[in-house]
Amino acid sequence: MKWSKAFIPTTREDPADAEIRSHKLMVRAGLISKLASGAYTYLPLGYRALRKIEQIIREEMDAAGAQELHMPVIQPADLWARTGRLKAYGPVLMHFNDRHGRDVVLGPTHEEVITSLVANNVGSYKRLPLNLYQIQTKFRDEYRPRFGVLRTREFLMKDAYSFHISIDDLKTTYQKMYEAYCRIFDRCGLEYIIVEAESGPIGGESSHEFMVPTEVGEDSLVRCSCGYAANLERATAAPIDVRPAESLDEIQQVHTPGATTIKQLTELLSVSAEKCIKTLILMGDGEPLIALLRADHELNEAKLARAAGLENIEMADAETIEKLTGAAVGFSGPVGLEGVRIIADQAVSVMSNAVTGANKTDYHITGVSPGRDFALPIIADIRLAQQGDHCVKCGGQLQFSQGIEIGHVFQLGTKYSDALGANVQDEQGNTKPLIMGCYGIGLNRIMAAAIETCSDKDGVVWPMGIAPFQVVIVQLSDSSQVVETAKQLYKDLEARGCEVLWDDRQVRPGVKFKDADLIGIPLRITVGEKALAQGKIELKRRTEKQPRLLEPTDAVEAVVQLVESQTRS
RNA sequence: CGGAGCGUAGCUCAGCUUGGCUAGAGCGCUGCGUUCGGGACGCAGAGGUCGGAGGUUCAAAUCCUCUCGCUCCGACCA
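Here it is, written out as structure tokens:
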């Protein structure tokens, strides 16, 4: 491609509405352009990169035994109602009414469609396992699109769905997908980690997320040097040890007017939050429930729900709290509360001489020791891991960072097949629900994550595997010798299968160098009078400072080799 | 949906507090000339519903009301 004919609108300045590095660079390098909040055009350069990502995914999915198909974006809302997800997704689903007034949704994902497809066409275990995938635009009316292309209302996703007669068979495919994902992300040149994950409202039991650690990701990661890794929702910290025995104080009531927050309480009484018990009152399936946490810890609702055996949990309103405790919000405590389920975090169970609410407005009590002053019927891990916690596997310090989720694999089970009646007959002729797995990859996020992690002060530094072009030829002048040499290199490299961008523009050298760095093509050939006087041209990697001088024919060989060695995983 | 901020040239912004002449700068763009190995310079130019609607006023980019859009924080999220 000749640069003079290409549509690559680079800019010198950062866009005003971009906050994070990848977003700024994607706009400056002419990869994307925003149409509206959460809706971006992929410009030719950006689209080339996106298509390369797509092709890597396609090749690896095919190699792993999955088959590509293409499903509709528009889906009857009725189908969504049957799995309960019309309600579960709520306003995130984009709807419209067609000319007959039928409620239609734009697919945010395709479990319903694929499950009904397979239900209608597969009746026997003999056709299983089956693994089908598509690469398609998905629609979600996000509460808040953000971070450039990281969270948008319209995005490209690869979603695969597998169908099985047995859990063992599902696990085999799950493992294959897991390995295929590793190859895909390796080929994309990403540094990623794999974490245990909550499966979320999609349902299912086992799940792993593929994350690229960055400073700006939306997800929080917890890691240990021993290899333990989980996302924050799932992460478990090592239990807190029992403190050395001290003499147990007697309970005393203290006047704490207006101290409704932990901060106010600790300042008023000059105690650390570690000595206070936070009493959270929640509603689970219509019943009140009390969660006790050390005051410097945060509740993990998913863990609490699991410990309590409940589906949905939400914070109780002020009225419920006042009725239950007889005190205003902010003065609740476990001592003396009757007839309500109490679940204590493990860290609370090892406390003594603690401070907590007195169930009397404007009063707290001190000298509280769990076990002595109130019962601990259920002790569980119901908190978020936090800075300073230790690894549950090896006892080492847990490390916290942010990350971008680029892929997610789930073992779904029979949630959708049950809801949609997707059954097959097994060997004995019994009717069995299909056991499912599903596997997603966010293509746009791969691109953003790659740029977020691969860039320097001058611009993007594309990994070879997903670079829009593999090599850029910078032609420094219009002298016939320079032009002819550049042209010959261009022809030779293209003939060898390289993706070449030839900067033949009538602009000053400085502009060409700056632009080449900004758009981040991995290899750069410079053709200029100086080196050409010795019959040489310059070859440089984007990551290097100094070029090497080579004969043009040697340069072609060198480029071909570099491309090959860096494209392989 | 709650909180905060921002909408002025293609892009990045100044001007608004304290209303007043023809609405400015830099970058980019067009033409001519000089330059030509890391975003050159000179001259000449094109380019604006000051987000939109309504109001106050002799007079509104500037003040008031409403509205739309965008960004960030929160809530939410395969």
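With numbering that gives the first Met the number 0 applied, the first sequence corresponds to residues 0 to 568, in that order.
Just so it is clear, CB atoms sit at the ideal spot from N, CA and C, and this is done for glycine as well.
What you are looking at is a predicted structure, and each value in this text was computed from that prediction instead of being measured.
With a 10 Å radius around its C-beta and 16 neighbouring C-beta atoms as the bar for buried, classify E310 as buried or exposed. exposed
Compare the beta carbon distance of Q474 and V526 with 8 Å and say whether it is the shorter of the two. At a Cβ-Cβ threshold of 8 Å, Q474 and V526 count as neighbours.
For my contact list, G283 and I312 are in at a C-beta cut-off of 8 Å; report their separation, rounded to the angstrom. With a beta-carbon spacing of about 5 Å, G283 and I312 fall inside the 8 Å limit used to define contacts.
Mark M25 as exposed unless 16 or more other C-beta atoms lie within 10 angstroms of its C-beta, in which case mark it buried. buried
I166: buried (16+ other C-beta within 10 angstroms of its C-beta) or exposed? exposed
Quick one: what's got a C-beta closer than 7 Å to P200's C-beta in the same chain, skipping five residues either side? Summary for P200: the model assigns pLDDT 47, below 50, so the residue's position carries little reliability; its value from the coordinates is reported in the next sentence. Cβ-Cβ distances below 7 Å link P200 to A87 in the same chain, with the five nearest sequence neighbours on each side left out; the list follows chain order.
So what does DSSP say about R507, is it helix, strand or coil? coil
For T360, which of helix, strand or coil comes out of DSSP? coil
Cα-Cα, which of I164, A159, L78, I192 is closest to M176? A159
Neighbourhood of A63 by C-beta distance below 8 Å, restricted to the same chain and skipping five residues each side: N130, K175, M176, E178, A179
In this structure, what does DSSP give as the bridge partners for V423? K431
If you reduce the DSSP assignment to three classes, tell me which class P200 lands in. At P200 the pLDDT is 47, less than 50, meaning the model places this residue with poor confidence; the figure from the coordinates comes in the next sentence. If DSSP states are grouped into helix, strand and coil, P200 belongs with the helices.
Where N96 falls: helix, strand or coil (DSSP): strand
Go through its chain and collect everything with a Cβ distance to T108's Cβ below 7 Å, but skip five positions before and after it. Excluding sequence neighbours, T108 sits near K137, D158.
So what's C275 in DSSP terms, helix, strand or just coil? Strand at C275.
Own chain partners of V471 with C-beta closer than 7 Å, once the 5 adjacent residues on each side are dropped: Closer than 7 Å at Cβ, skipping near neighbours: L500, D502, A515, I520, R523.
Quick one: complete beta strand (DSSP E) runs, 3+ long, within the stretch 70-137? 73-75, 93-96, 102-105
Would F594 be called buried (16 or more neighbouring beta carbons within 10 Å of its own) or exposed? The requested residue 594 does not occur in the structure, where the chain is confined to residues 0 to 568.
Under three-state DSSP, which class holds P238? coil
Determine the extent of the alpha helix (DSSP H) in which L44 is found, giving its start and end residues. 43-62
Is V423 near V121, with beta carbons less than 8 Å apart? yes
Between the Cα of L44 and the Cα atoms of I31, G37, A237, which residue gives the shortest distance? I31
Between which two residues does the beta strand (DSSP E) harbouring P376 extend? Careful: P376 lies outside any beta strand (DSSP E) and carries neither H nor E.
Hey, would you say C275 sits closer than 8 Å to K392, going by beta carbons? no
With DSSP as the reference, label W2 as helix, strand or coil. helix
Whole-angstrom C-beta distance between S400 and N358, which should lie under 8 Å: That belief does not hold up - the Cβ atoms of N358 and S400 are roughly 40 Å apart, past 8 Å.
According to DSSP, is E556 part of a helix, a strand, or is it coil? helix
Nearest to R145 by CA position, among S21, L488, I518, T452, is which residue? Closest by C-alpha distance to R145, out of S21, L488, I518, T452, is S21.
So, R76 versus L419, is the Cβ gap smaller than 8 Å? At residue 76 the sequence reads Ala, which differs from the Arg that was named. The answer is no: Cβ separation not under 8 Å.
Would you mind stating whether Y415 and T82 have Cβ atoms separated by less than 8 Å? Contact flag set, yes.
Element boundaries [beta strand (DSSP E), containing M25]: Counting along the chain, M25 falls outside any beta strand (DSSP E), though it belongs to the alpha helix (DSSP H) covering 20-27.
For V211, which three-state DSSP category applies? strand
Between the Cα of A294 and the Cα atoms of K302, L281, K277, A304, which residue gives the shortest distance? Minimum Cα distance to A294 is reached at K277.
Should the stretch 326-340 be called in touch with the stretch 214-222, which here means at least 3 C-beta pairs below 8 Å? no
Is M0 near the ligand MG, with its Cβ less than 7 Å from a heavy atom? In the structure shown, the ligand MG is absent, as is every other ligand, since no ligand is present at all.
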